[in-house]
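Anchor point for the sequence shown: position 107 equals 107 in UniProt numbering, and the numbering is continuous, going up by one each time. Since the structure comes first, as structure tokens, the remarks are kept for the end.
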Amino acid sequence: MGHNRRCRTIVYVKAGIYHEKMEIGRDLKNVMFVGDGIDRTIVTGNKNVVDGVSQPHLVSLVMVFCARDMTFENTAGPHKHQAVALSVSSGLSVFYHCSFKGYQDTLLAHSLRQFYRDCHVYGTVDFIFGDAVAVLQNCDIFRGDLALSTLYYGEFMNIGSGASTTGRVQWPGFLVLHDFHEASPFTVRNFIQGHVWLPATGVPFSADI
């Protein structure tokens, strides 16, 4: 399946709860998982550091990997410390309409270029981490007590009922960007060169501000 393929291999993951570990290996290429929707197609488990098993329940190593309409969760809870739900080490990876649920270390964006669109990420401690060059666009991030001291959070042209920064908590890494040139390095075009490879996925995106 998908060995150095130019054409995409699409795997339909039917609605249900899957208590298993899934690993998409490096010998595959151009693979897409399609579920029946968030909280309908669920990959779940409770592997964690305390129990001596730190591997997540979905590991993506394949070059060019896409997933849409699925939930990935780790139910280990706070007493089990690090418990990754999803680890992504694949280049040109895309997640669309997906949900990632956990407590600590939920989403490991390990390396290379990644794009997340219309996704939900739940967690409390360091729940989005890794060395990837990643863009989360139109995503909802639900946090408890996020370690904000190392976070760079730039906000540019935010609109809507929550746009006013008056009365907000004083996060050390929070900055309001007033100039286009400050914000432009973080666009899909400049940050992950998404205008080159995202059109082939069919996932909507905004390349520029």
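Backbone N, C-alpha and C define an ideal beta-carbon position, used for all residues, glycine too.
Contacts around residue i, its chain only, beta-carbon distance under 8 Å, and the 5 residues preceding and following it disregarded
| i | result |
| --- | --- |
| Ile209 | Phe156, Met157, Phe180, Ala183, Ser184 and Thr187 |
| Cys66 | Arg8, Val31, Met32, Phe33, Ser93, Val94, Phe95, Tyr96, Thr201 and Val203 |
Close beta carbons around residue i, own chain, < 6 Å, minus the five adjacent residues each side
| i | result |
| --- | --- |
| Arg8 | Asn30 and Met32 |
| His195 | Arg189 and Ala207 |
| Glu73 | Thr44, Ala85 and Lys101 |
| Ala15 | Asp36, Arg40 and Thr41 |
| Tyr152 | Gly173 |
| His120 | Ser99 and Asp140 |
| Thr71 | Ile38, Asp39, Ile42 and Ser99 |
| Leu136 | Tyr116 |
| Gly130 | Leu108, Ala109 and His110 |
| Arg68 | Val34, Tyr96 and His97 |
Identified DSSP bridge partners for residue i
| i | result |
| --- | --- |
| Thr166 | Paired residue(s): none; Thr166 is not in a bridge. |
| Cys98 | Met70 |
| Met32 | Ile10 and Cys66 |
| Leu108 | Ser87 and Phe129 |
| Glu155 | Val176 |
| Gly16 | Thr41 |
| Asp140 | His120 |
| Arg113 | Val133 |
Exposure label - residue i; buried when at least 16 CB within 10 Å
| i | result |
| --- | --- |
| Ile17 | exposed |
| Thr106 | buried |
| Leu28 | buried |
| Gly25 | exposed |
| Tyr12 | exposed |
| Phe142 | exposed |
| Gly123 | buried |
| His19 | exposed |
| Leu175 | exposed |
| Ala134 | buried |
| Gln104 | buried |
| Ile128 | buried |
| Ala132 | buried |
| Arg6 | exposed |
As assigned by DSSP and simplified to three states, the class of residue i
| i | result |
| --- | --- |
| Asn190 | helix |
| Gln134 | Rather than Gln, the amino acid found at residue 134 in this sequence is Ala. Here Ala134 sits in strand by DSSP. |
| Val196 | helix |
| Ala207 | coil |
| Phe174 | strand |
| Thr44 | strand |
| His182 | Per the sequence presented here, residue 182 reads as Glu, with His not at that position. It is helical. |
| His57 | For His57, the pLDDT reaches just 48, beneath the cut-off of 50, and the residue's location in the model is therefore unreliable, leaving the point undetermined. |
Close beta carbons around residue i, own chain, < 7 Å, minus the five adjacent residues each side
| i | result |
| --- | --- |
| residue 211 | Past the edges of the chain, shown from 1 to 209, lies residue 211, and the structure says nothing about it. |
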